[in-house]
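Have a look at the structure below, then the notes.
There are 2 protein chains.
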Amino acid sequence: MRIAVDAMGGDQAPAAIIEGVSLAQKESPNVELLLVGKKQVILDYISNDLKVSIIDAKEEISMSEPPAVSVRKKKESSINVGINLLKNGKAEAFISAGNTGAVVCAATLFLGLIPGVERPGILILFPTLKGFSLLIDAGANIDPKPMHLLQYGIMAKVYAEFILKKKNPSIGLLNIGEEETKGPEFLKEVHRLFLDTDLNYIGNLEAKQIFSGEVDIIVCDGFVGNIALKVSESAAMAVADFLKRHIMNSFSARLGAMLLRPAFYSLRKEIDYSEYGGAPLLGVNGVIIICHGSSSSKAIKNAIKVAINSYQQNINREIKLALEQEVKLR
Amino acid sequence: MRIAVDAMGGDQAPAAIIEGVSLAQKESPNVELLLVGKKQVILDYISNDLKVSIIDAKEEISMSEPPAVSVRKKKESSINVGINLLKNGKAEAFISAGNTGAVVCAATLFLGLIPGVERPGILILFPTLKGFSLLIDAGANIDPKPMHLLQYGIMAKVYAEFILKKKNPSIGLLNIGEEETKGPEFLKEVHRLFLDTDLNYIGNLEAKQIFSGEVDIIVCDGFVGNIALKVSESAAMAVADFLKRHIMNSFSARLGAMLLRPAFYSLRKEIDYSEYGGAPLLGVNGVIIICHGSSSSKAIKNAIKVAINSYQQNINREIKLALEQEVKLR
Chain X
1 MRIAVDAMGG DQAPAAIIEG VSLAQKESPN VELLLVGKKQ VILDYISNDL KVSIIDAKEE
61 ISMSEPPAVS VRKKKESSIN VGINLLKNGK AEAFISAGNT GAVVCAATLF LGLIPGVERP
121 GILILFPTLK GFSLLIDAGA NIDPKPMHLL QYGIMAKVYA EFILKKKNPS IGLLNIGEEE
181 TKGPEFLKEV HRLFLDTDLN YIGNLEAKQI FSGEVDIIVC DGFVGNIALK VSESAAMAVA
241 DFLKRHIMNS FSARLGAMLL RPAFYSLRKE IDYSEYGGAP LLGVNGVIII CHGSSSSKAI
301 KNAIKVAINS YQQNINREIK LALEQEVKLR
Chain V
331 MRIAVDAMGG DQAPAAIIEG VSLAQKESPN VELLLVGKKQ VILDYISNDL KVSIIDAKEE
391 ISMSEPPAVS VRKKKESSIN VGINLLKNGK AEAFISAGNT GAVVCAATLF LGLIPGVERP
451 GILILFPTLK GFSLLIDAGA NIDPKPMHLL QYGIMAKVYA EFILKKKNPS IGLLNIGEEE
511 TKGPEFLKEV HRLFLDTDLN YIGNLEAKQI FSGEVDIIVC DGFVGNIALK VSESAAMAVA
571 DFLKRHIMNS FSARLGAMLL RPAFYSLRKE IDYSEYGGAP LLGVNGVIII CHGSSSSKAI
631 KNAIKVAINS YQQNINREIK LALEQEVKLR
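Protein sequences appear in the order of chains X and V. Mapping of the first sequence onto the working numbering: position 27 corresponds to residue 27, and the numbering continues sequentially without gaps. Positions in the second sequence are counted from 1; adding 330 to them yields the working numbering.
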């Protein structure tokens with residue numbers, strides 16, 4: 001198996017990316033790793049014991065560039081070049097911590113979609129009080145149709161079953177109230193679509209239910225999913241900052257904080273993005289893993305693990321079958 | 331000034347509501363308080379030293395009923411009766427911790443809107459690391475047009491200036507990225523509308539910026555605002571639960587928690603909804619304050635304070651003037 005990694009994407013690129021690739025190589029020595037990016041820059045960072053191929057890509061797409069335009073114009077960007085490796089059968093997976101919109105756009109454009117999928121969706125692991133839930137879509141599709149959300153539910157179910165080994169996972173719809181009458185017309189339509197399947201659909205979910213971990217899969221549109229993800233990360237960080245500020249002002253609190261350090265450490269570990277690696281972009285014809293812009297080397301290493309797993313389980317074939325099955329049932 | 335309070339609305343009604351009214355009476359003895367609800371039920375809870383009028387309302391709208399239908403059908407509900415007191419000049423403000431959608435619907439229907447306002451919006455105080463920001467809309471209008479969000483910005487600005495005494499407050503738009511190219515078409519249109527005013531508009535805001543408190547007013551649609559509010563409440567609570575669980579498992583952590591108790595206490599106080607009272611429903615022709623369903627007596631007391639303040643500052647007149655001014659500038 002060959003995995004292409006975008007060496008130029010992310011706030012800490014290329015150093016953290018290359019370090020992550022090096023960590024992955026130690027864990028999975030049989031996987032062939034390809035670094036995609038500006039060759040001269042990569043060579044400056046690479047150590048002698050790292051056995052990787054470098055695929056030169058003369059351009060870069062920055063985090064703030066408009067995705068569709070930059071993918072069309074920058075044909076030599078690391079994102080375009082990397083995803084075309086999959087298209088041309090020269091790699092089995094691509095990983096990037098760069099411009100998410102550009103990755104989504106290039107993957108859709110060059111690889112196409114799995115039959116039955118109308119839009120790809122980003123699946124993330126969302127930390128809860130009971131471990132993790134899956135959330136889809138975290139930002140690939142900010143203006144979806146109701147049917148896209150149904151397809152997200154089905155793709156996430158397949159992922160939960162084949163990758164996380166969870167049987168008949170429960171699916172809920174993120175809304176502003178549990179009752180059927182709550183929320184915009186759009187979500188009422190999605191609700192009706194889910195009721196009409198034999199999925200383990202439990203209905204609308206309120207925000208507080210997503211943290212209790214009572215549902216395996218949270219479905220929402222990409223805009224709301226991205227807001228929910230970032231608000232929860234930021235709220236947890238704000239709570240920590242707030243406590244830290246108070247702790248600094250008092251001796252007894254400082255002592256208390258010292259004694260609580262293991263608890264804070266576990267908390268950080270639990271909500272730390274880098275622990276779970278990247279988020280699969282589900283629905284495209286190929287294994288694409290999207291990483292947080294601030295990805296550390298550990299995050300990159302874990303994203304590579306997610307890619308290996310997705311490829312070995314042939315997740316895209318399972319998604320195709322599940323969607324065919326769903327159409328037959330109608 | 332006469333303030334009508336919905337005695338039947340909220341998870342702890344009528345006990346917490348009546349207790350809150352009693353606390354408010356001690357703080358503001360010159361304000362006349364009217365309890366609206368089932369007379370027999372209210373009489374069971376009322377103490378002798380409470381000087382209130384009881385306005386009988388034979389029906390109740392529960393939290394889960396569809397707003398528009400219930401307002402139309404239950405003409406004798408505490409929400410309908412209470413808001414009609416304002417319409418008929420028998421009270422100057424109405425406070426409810428009941429079905430939010432029903433309050434929004436009844437207020438719009440019976441009181442009408444301030445000239446220049448197309449939809450009312452719920453304004454909340456959002457706790458940040460620097461105190462509070464204002465967020466509008468927290469859930470009154472889940473399917474808004476771009477122009478509604480501009481009107482929300484203007485109304486919140488007036489509130490910040492006249493009630494919170496903040497000069498030239500900054501306004502930001504909650505989005506999934508800071509860049510102009512980010513987000514759905516809808517928000518790009520809102521962005522253009524704001525740029526075309528002389529408001530202190532600073533552009534798109536990411537979730538992490540709302541917690542840093544760098545902006546005075548956060549504008550968003552009611553669905554996203556409600557999700558952001560509930561996700562942040564739930565995330566903060568999840569962090570606290572997580573720490574509590576770890577603390578219970580270790581003696582040193584328990585000791586640490588004891589020493590940190592003042593810090594946790596301040597945190598709770600800072601994010602405790604009841605500390606700031608209710609959220610004004612801006613844009614309707616009258617002073618309407620919406621409280622959290624789980625409002626305690628303290629929350630009700632503080633909501634009454636917000637109502638007094640809004641009425642005394644004649645906030646609706648100022649909103650009308652600001653919107654006229656805005657139209658002139660175009």
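Even for Gly, the Cβ is constructed at its ideal location relative to N, Cα and C.
Asked                                                                                                                                                                              : Found
Flag this pair as yes or no: are the beta carbons of V/Lys-560 and X/Ala-207 separated by less than 8 Å?                                                                           : yes
Any idea which residues DSSP pairs X/Arg-2 with across the strands?                                                                                                                : X/Glu-32
Could you give the DSSP three-state label for V/Thr-430: helix, strand or coil?                                                                                                    : helix
Using a Cβ cut-off of 8 Å, pull out every chain V residue sitting near X/Gly-183, in sequence order please.                                                                        : Ile-472, Phe-553
With a threshold of 8 Å between beta carbons, is X/Ile-247 in contact with chain V?                                                                                                : yes
Cβ closer than 8 Å: which chain X residues qualify as neighbours of V/Asp-556?                                                                                                     : Going by the sequence as given, residue 556 of chain V is Asn instead of Asp. Per Cβ cutoff of 8 Å: Ile-176.
Report the residue ranges of all alpha helix (DSSP H) runs contained in full by the region 512 to 577 of chain V; include only those spanning at least 4 residues, in chain order. : 515 to 525, 537 to 542
Kindly indicate which three-state DSSP category V/Val-657 falls into: helix, strand or coil?                                                                                       : helix
Which of helix, strand or coil does DSSP assign to V/Ser-408?                                                                                                                      : helix
Quick one: does X/Met-147 have its CB under 8 Å from some CB of chain V?                                                                                                           : no
Quick test of your reading: V/Leu-480 and V/Phe-524, contact by CB under 8 Å. State the CB separation rounded to the nearest angstrom.                                             : 6 Å
Return the residue from the list X/Ile-290, X/Leu-281, X/Ser-170, X/Pro-120 that minimises the CA-CA distance to X/Asn-204.                                                        : X/Ser-170
State yes or no: is the C-beta of V/Gly-555 within less than 8 Å of the C-beta of V/Gly-461?                                                                                       : no
Give, in chain order, every residue of the region 456 to 471 of chain V whose Cβ lies closer than 7 Å to some Cβ of chain X.                                                       : Leu-459, Gly-469
Counting pairs of Cβ atoms below 8 Å between the region 245 to 258 of chain X and the region 48 to 65 of chain X, do you hit three or more?                                        : no
Flag this pair as yes or no: are the beta carbons of X/Ala-160 and X/Asp-241 separated by less than 8 Å?                                                                           : no
Do X/Lys-305 and X/Gly-20 come within 8 Å of each other at the CB atom, strictly closer than that value?                                                                           : no
Straight-line CA distance for X/Lys-73 to X/Ile-83?                                                                                                                                : 15 Å
Answer with yes or no whether the minimum CB distance from X/Gly-256 to chain V is below 8 Å.                                                                                      : yes
Can you name the residues of chain X whose CB is closer than 7 Å to the CB of V/Ala-568?                                                                                           : Leu-129, Phe-211
Going by beta-carbon coordinates alone, are X/Asp-17 and X/Ala-97 separated by less than 8 Å?                                                                                      : One point to set straight first is that residue 17 of chain X is Ile, not Asp, in the sequence displayed. Cβ distance < 8 Å, so X/Ile-17 and X/Ala-97 count as in contact.
Look at the alpha carbon of X/Ile-227 and the alpha carbon of X/Met-237, and state the distance between them as a whole number of angstroms.                                       : 15 Å
Along chain X, in chain order, which residues have C-beta atoms closer than 8 Å to that of V/Asp-571?                                                                              : Leu-129
Does V/Gly-442 come out as helix, strand or coil in the three-state DSSP assignment?                                                                                               : coil
V/Gln-539: buried (16+ other C-beta within 10 angstroms of its C-beta) or exposed?                                                                                                 : buried
What number of angstroms, rounded off, separates the C-alpha of X/Lys-90 from the C-alpha of X/Phe-186?                                                                            : 41 Å
Is it buried or exposed for X/Leu-282, if we count other Cβ within 10 angstroms and need 16 for buried?                                                                            : buried
Taking buried to mean at least 16 other C-beta atoms within 10 Å of its own C-beta, is V/Ser-394 buried or exposed?                                                                : exposed
State yes or no: is the beta carbon of V/Glu-741 nearer than 8 Å to at least one beta carbon in chain X?                                                                           : The structure shown does not extend to residue 741 of chain V, since chain V is modelled only from 331 to 660, so the question has no answer here.
Flag this pair as touching only if the region 428 to 445 of chain V and the region 614 to 623 of chain V have three or more C-beta atom pairs under 8 Å; answer yes or no.         : yes
With DSSP as the reference, label X/Leu-123 as helix, strand or coil.                                                                                                              : strand
Applying a beta-carbon distance threshold of less than 7 Å, which residues of chain X neighbour V/Ala-609?                                                                         : None at all; the shortest Cβ gap to chain X is about 15 Å.
Nearest chain X C-beta to V/Ser-582 closer than 8 Å, yes or no?                                                                                                                    : yes
For V/Val-433, return the contacting residues in chain X, with the cut-off set at a CB-CB distance below 7 Å.                                                                      : Here the premise fails: no neighbours, minimum Cβ distance about 15 Å.
Just the chain V side, please: which residues come within less than 7 Å of X/Lys-208 by C-beta, in chain order?                                                                    : Lys-560, Ser-564
According to DSSP, what are the bridge partners of X/Val-52?                                                                                                                       : X/Leu-33
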